[in-house]
Structure formats: structure tokens, C-alpha cells
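For the sequence shown, the numbering used here begins at 161 and goes up steadily by one.
Scroll down for the structure; my scribbles are underneath it.
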Amino acid sequence: MNALKNLIKAREVPVFLALVLVIAVAGIANPSFLSASGARDILLGVAIVAILAVAQTFVIVMRHIDLSVGSLIGFTSFLIGDLYSQGYG
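Spelled out as C-alpha cells, the structure:
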């Protein structure tokens, strides 16, 4: 019983419940969301950001705080968009 009380008091429980709610609503709104192809599309969309997040985690854990990755991603996105609009893509 004590373990159940500790689980209910945990900070992560509301976040987990919100995640379950979002997945349930998305699955009801779009049934293909819960399919294998839906999971593949989500994982492919998140892959680059996840790789950058893992690399940034190592930098922060080693106490060399460098949060410039976000600004580089923004600049690169702008540059690619600008080149694409000029016909280079």
C-alpha cells in the first residue's frame, strides 16, 4: 500500500497520464496513428532531434554547458529554406 501511495505522489504520473491521453485522443481522431506506419513516421520525424539531444546531453553532463545547438538548427533551417526559395532545391 505504501508503494502505491509513493507512485501516486510521484511527479511523473501526471506527465504519463497526459501522454496516454494525447495518444488516445490522436488514436481516436486518426486511426492510422496507432498503426505501425504511424509509429514509423513519428520515429523518422524525431530521429534527427533525438540524435542532437543525446549529443547535447553528453555535453551538459560533462559540465561543458553549450546550448548553441538550437540556434544552429534554426540558422540551418533558415538557410535551407532560403536556398530552396531561390531554386537550389
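Note that beta-carbon positions come from the ideal geometry of N, C-alpha and C, so glycine has one too.
This structure is a prediction, so every number in the text was calculated from the model and none was measured.
Counting along the chain, the unbroken alpha helix (DSSP H) around Pro-174 starts and ends at 172–189. Contact between Leu-243 and Val-229 does not hold, since the beta-carbon distance rounds to 21 Å and is not under 8 Å. The beta carbon of Ala-186 lies closer than 6 Å to those of Phe-193 in the same chain, with the five residues before and after it left out.
In this chain, the alpha helix (DSSP H) harbouring Arg-200 covers 196–221.
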